[in-house]
Every structure is written in structure tokens, then in C-alpha cells.
Amino acid sequence: MESSRNTTGSSMSNPNREREPRLPSRSPRPGVTNRQNNGVTARHERTILLARKSKRVLIIDDEESIRDGCQQILTRMGHDATSTADAETGLELAAHEHFDLVLLDLRMPKIDGLEILRRLKQDQNIASAIIIITGYGTIPLAVEAMRMGAGNFLTKPFSASELKKAIKDVLEPVQAVKESDTLSLLIGGSDYMKDLKDTIRRVASTDSTVLITGESGTGKELVARTIHTLSKRSEKAFIPVDCSSLVQNLMESELFGHTRGAFSGASETRDGRFQVADKGTLFLDEISNISLDTQAKLLRVIQEQEVPRVGSSIPEKVDVRLITATNKDLRQEILDGTFREDLFYRISVVPIHIKSLREHRSDIPEISQHYLEIYSEKHSSVARRFSPDAMKSLISYSWPGNIRELKNTVERLCVMCEHEEVTLSDILYYGQDTKAKAPVVDPFSGTMTLVDVEKEHIEKALRHFNFHMNKTAKFLDIDRKTLRNKIRLYGIELEERNDE
9 MESSRNTTGS SMSNPNRERE PRLPSRSPRP GVTNRQNNGV TARHERTILL
59 ARKSKRVLII DDEESIRDGC QQILTRMGHD ATSTADAETG LELAAHEHFD
109 LVLLDLRMPK IDGLEILRRL KQDQNIASAI IIITGYGTIP LAVEAMRMGA
159 GNFLTKPFSA SELKKAIKDV LEPVQAVKES DTLSLLIGGS DYMKDLKDTI
209 RRVASTDSTV LITGESGTGK ELVARTIHTL SKRSEKAFIP VDCSSLVQNL
259 MESELFGHTR GAFSGASETR DGRFQVADKG TLFLDEISNI SLDTQAKLLR
309 VIQEQEVPRV GSSIPEKVDV RLITATNKDL RQEILDGTFR EDLFYRISVV
359 PIHIKSLREH RSDIPEISQH YLEIYSEKHS SVARRFSPDA MKSLISYSWP
409 GNIRELKNTV ERLCVMCEHE EVTLSDILYY GQDTKAKAPV VDPFSGTMTL
459 VDVEKEHIEK ALRHFNFHMN KTAKFLDIDR KTLRNKIRLY GIELEERNDE
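Quick note: the sequence shown, position 302, residue 310 per this note's numbering, numbers continuous.
So, in C-alpha cells, the structure goes:
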């Protein structure tokens with residue numbers, strides 16, 4: 009292969025010709041360049057799944073002309089390209105930054121390209137798609153690279169359109185999987201859940217304000233995080249703020265920041281949540297708790313995208329996507345005079361209402377099983393599934409605490425259950441709040457008789473209290489004599505007695 013000059017003209021040897029540019033073979037000069045990157049970022053969670061059009065691409069190639077040509081093409085495509093001539097540097101970059109794609113030359117000095125590929129695929133923190141760059145003489149190696157997990161390969165010299173097609177072929181399926189994985193955090197296959205996911209997908213591609221409404225425990229913050237994760241702001245901060253926990257007289261300082269000496273105790277200048285969320289997403293939960301004075305200033309921030317830092321007369325420009333949430337009826341709050349109507353319309357360009365769990369009961373089996381698997385692994389529990397009666401019981405319960413309550417119940421069952429199948433009696437005994445006398449679920453949803461239910465409930469209570477009669481009777485809200493009579497009636501065997 010002959011070396012050519014670095015250019016994006018019609019060919020590397022003659023940039024003024026009208027033919028499509030082709031990237032050449034060798035012209036080795038070491039170096040690391042980054043045309044768009046603003047610096048090395050901290051390692052990103054690999055579960056952050058990007059829906060933006062712009063991708064981060066790492067080029068590992070010791071040919072300067074290949075690196076420069078690829079960078080120019082990628083830049084024109086709107087991507088963020090980083091390149092290096094050194095294999096070790098490339099591996100280090102891939103391990104400590106997030107890249108959607110790696111362009112890797114198979115013929116590298118010091119470390120063989122297949123070895124670089126092996127290391128990239130071996131590191132579980134590296135989730136990048138990989139395109140191999142190869143010469144005609146190394147096509148068999150490229151085929152081997154595909155077997156090792158590379159997504160595609162390009163043969164030098166290649167054109168800009170060939171590079172674009174290879175990138176599209178590799179990234180589009182990956183993007184579909186990433187988006188699917190992100191939305192899968194919203195569990196359930198009902199028509200309602202499908203519509204919710206579709207709405208989130210559409211909203212994520214915009215910068216419109218979003219107002220999420222729904223009862224406590226329905227997952228409003230999860231929806232907000234999912235919108236952020238699928239948005240073009242996904243690599244920037246997601247800042248959640250529980251407005252109900254903010255002290256009223258310090259609320260403006262918390263949201264907008266303050267200067268040194270702005271008020272008693274302000275010993276230094278401090279950024280507010282808006283400044284911290286710059287270029288990212290700010291999520292204001294329970295927004296109805298914000299005072300009317302602060303609402304007026306928040307309205308101006310949304311309108312002007314300027315933050316009035318407390319103690320300063322000079323507003324600061326910010327670029328923040330605002331998502332808010334509440335479990336209150338803001339229209340009623342407007343009628344009551346506790347919430348500004350103009351602010352309501354500003355924050356609710358896109359309204360999303362999340363139904364209570366009892367309004368989409370068909371999703372309860374999938375949600376319950378999902379969290380059973382998660383908490384079984386977390387607590388090394390033997391619990392693996394729910395019996396039919398147990399699942400009917402979960403479905404029939406009203407779940408006033410919604411998904412949050414269901415999650416807590418399933419986790420408690422995982423901790424306490426001693427067998428693979430969670431039964432109705434497990435739920436009747438363990439699936440309740442420690443202060444509750446009544447079961448957390450409906451005992452009439454299964455096929456067990458009242459005698460069956462009472463017998464198993466007494467047996468579990470006895471085992472739980474190590475057959476201590478006084479404690480068991482107190483828990484069951486009966487006296488010792490009644491407990492002993494029921495033990496004899498149901499033929500319950502006492503393994504040991506402990507009345508100390």
C-alpha cells in the first residue's frame with residue numbers, strides 16, 4: 009500500500025479531483041488527537057444508553073492519514089472523534105471513557121490488532137461496537153476478528169460513503185438494543201405500559217418541559233431518568249430535587265445558588281441545582297411544595313434560561329431541560345391560589361400521567377417476578393417464583409403504595425422465605441408491614457380454605473418466634489389458651505418449646 013497525504017479531497021493523492029474521497033494505507037506518525045472532545049471524562053456507567061444522534065468514536069490506527077481522514081468524515085457526520093496512534097493509549101481511553109464505536113487497525117506496532125480486540129471484548133466495562141480496518145492482505149484476519157466480536161470491517165483504501173455505511177450498519181442495531189434495554193426498566197407489557205414507553209421515546213428527543221403526575225410510589229423519578237437517559241443530554245448531569253424536603257427560607261438558594269455574604273451563614277459562593285444541572289436535566293419532584301415567591305422566579309428562569317443567584321443582580325445563563333413531578337392536582341392548587349397558572353402551563357408542555365398499580369394489574373406478575381429475581385440475587389435467597397395462589401393474591405391487592413410498596417413486599421419475602429416457591433401463606437405472614445395486624449394481601453384471592461390459611465399462619469408464627477407461646481399469642485392477638493387449643497385442633501407439631 010502506498011502512503012498518501014491527509015486530506016478529505018476526492019483522493020488522498022489529489023484532493024482537487026471530483027471523485028469521492030478514499031482513505032489510504034500507511035503513513036505512520038504517532039500522536040493522539042481529539043477534534044471535538046472537551047477532555048477526558050469520568051468513566052460512565054455502561055447502563056447509560058444513548059439515544060442521541062451524535063456518537064463518540066475512538067480511532068486506533070498508527071497511520072496519521074487514516075486517523076485524520078476518519079476524523080474529518082466523522083466530524084462532518086456530527087460525531088465526536090478521538091484518535092490515537094498508540095495501542096496502549098487506545099486501550100486506556102476505551103477503559104476509562106465511554107465510546108459508542110471503536111475503529112481499530114489490525115496492523116498495529118507493539119500489540120497485534122487481534123490482541124487489542126481481545127482485550128477490548130474481555131473488559132466488561134467496555135461496551136463499544138468495533139469496526140476493523142484492514143488491508144487486502146489481512147482479510148482472513150478480519151474474518152477472524154468478526155468471529156471474536158467485531159461488528160464489521162473496512163478494507164483500505166475505503167471511501168467516505170463506505171465508512172458511513174459501516175458505521176450505520178454497526179450502530180443502528182446497537183442503538184435499538186440500547187433503547188430497548190433502557191425502556192425495559194419500565195416493566196410491563198400491557199397496552200398502557202407500551203403507550204407510556206412510546207410517549208417517553210418521543211419526548212426524549214425534544215427539550216420540552218415535562219410534567220409527570222401520579223400517586224406516590226408509581227415511579228415518577230424513574231420515568232424522568234429514562235427520558236434523560238434517552239435524550240441528547242444523557243452524558244450530562246441528571247439532578248433530582250425533592251422540593252418537599254427543601255427548607256422554605258433557603259429554597260431559592262438551593263435552586264438558584266447564592267453569593268458569599270448573601271445571607272447569614274453564606275460564607276462562600278455556592279452553585280444551586282440549576283447551575284449544577286447546566287447542559288443536563290433538572291428534575292423537580294413534588295413541585296407543588298415551592299412557595300409562590302419562588303414560583304415567580306422559577307417562571308422567569310424557564311422563560312429566560314437565566315438564573316438569579318441570591319445576592320447578585322447579574323443573572324447567569326444556563327441550559328437546562330426541566331422535568332417536574334407531583335402527586336397533587338395542580339389545577340385544584342391553581343383554584344386554591346397556591347400554584348401559579350402561568351407556571352403550570354410553562355412546566356407542562358408535555359404532561360405524562362402515570363397510572364396507579366391497581367389500574368394496570370395485568371403488569372403485576374411481570375413486575376413481581378422481576379423484583380423477585382433481583383432481590384433473590386441481592387440477598388442470596390432461595391426464592392425463585394410465586395405459586396399461582398400467591399400471584400393471585402398479589403394481583404388482587406390494591407397496593408396503595410404502588411410499585412414502591414410491591415418492591416418492598418417482594419424484598420421482604422426474599423429475605424424471609426425459606427423455599428423456592430413463595431406461597432400464599434408466605435405472603436399472608438411475611439408480606440405485611442411489621443406494624444400491621446392484617447395481611448398486606450387479600451387471603452380470599454386463592455383456593456385455600458380458612459382452616460388452611462389459619463393453620464399455616466399459626467405454624468409460621470410459631471416458627472418465627474421459635475415456638476415461644478407468649479410471643480406467638482401476642483402477635484396473633486389471642487391468649488395462650490386459645491393458641492394451645494388451635495394447635496391441638498390443627499395437629500400442629502411443636503418442635504421445641506421456649507416460654508422464657
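All C-beta atoms in this analysis are idealised placements derived from N, C-alpha and C, irrespective of residue type, glycine included. From a predicted model like this one, the values you see are computed outputs, not experimental measurements.
Query	Result
Distance, Cα to Cα, residue 71 vs residue 98?	14 Å
Under 9 Å, do residue 300 and residue 330 count as touching if we go by C-beta distance?	no
Which of the three DSSP states is assigned to residue 254 in this structure?	coil
Which residues share a DSSP beta bridge with residue 249?	292
Given 8 Å as the limit, tell me if residue 74 has its C-beta closer than that to any heavy atom belonging to the ligand ZN.	Absence of the ligand ZN is noted for the structure shown, with no ligands found whatsoever.
On a CA-only basis, which of 254, 484, 408, 473 is nearest residue 295? Give me that one, please.	254
Does the distance from the CB of residue 319 to the CB of residue 267 come in under 9 Å?	yes
Here's the rule: buried if 16 or more other CB atoms are within 10 angstroms of the residue's CB, otherwise exposed. What is residue 414?	buried
Is the segment 223–237 close to the segment 261–275, with three or more CB pairs under 8 Å?	no
Can you tell me whether residue 396 is helix, strand or coil according to DSSP?	helix
Give a yes or no on whether the C-beta atoms belonging to residue 303 and residue 351 are separated by under 9 Å.	yes
Can you name the start and end residues of the alpha helix (DSSP H) that residue 481 belongs to?	477–484
For residue 156 and residue 122, which I take to be in contact (beta-carbon distance under 8 Å), what is that distance rounded to the nearest angstrom?	7 Å
With distances taken from CA atoms, which of 424, 495, 429 is nearest residue 459?	495
Contact between the segment 429–439 and the segment 391–399: three or more CB pairs below 8 Å?	yes
Compare the C-alpha of residue 311 against each of 382, 217, 396 and name the closest.	217
Between which residues of its own chain and residue 446 is the CB-CB distance below 6 Å, once the five residues before and five after are set aside?	Residue confidence is low: residue 446 scores 39 on pLDDT, short of 50, so the model does not pin down where it sits. Its coordinate-derived value is still stated next. Nothing meets the Cβ criterion.
Tell me whether residue 325 sits in a helix, a strand or coil according to DSSP, three-state version.	strand
Are the beta-carbon atoms belonging to residue 239 and residue 198 less than 9 Å from one another?	no
Let's see if you can read the secondary structure: which residues bound the alpha helix (DSSP H) around residue 282?	281–284
Which of the three DSSP states is assigned to residue 219 in this structure?	strand
For residue 278, write down the residues that DSSP places opposite it in a beta bridge.	266
Which residue or residues does DSSP assign as beta-bridge partners of residue 113?	141
Which residues in the same chain have their Cβ closer than 8 Å to the Cβ of residue 354, if we skip the five residues on either side of it in sequence?	217, 307, 310, 311
Would you kindly report the start and end of the unbroken beta strand (DSSP E) that includes residue 89?	88–92
Can you check DSSP and say which residues form a bridge with residue 160?	139
Please tell me whether residue 371 and residue 195 are closer than 9 Å, where the distance is taken between their beta carbons.	yes
Could you tell me which of 108, 322, 84, 275 sits nearest to residue 138, measuring between CA atoms?	108
Along the chain, where does the alpha helix (DSSP H) that runs through residue 355 open and close?	349–355
Go to residue 66, then tell me how far its beta strand (DSSP E) extends in each direction, as first and last residue.	64–68
How should residue 280 be labelled, buried or exposed, when 16 other C-beta atoms within 10 angstroms of its C-beta is the threshold for buried?	buried
Are residue 468 and residue 434 close, meaning C-beta to C-beta below 9 Å?	yes
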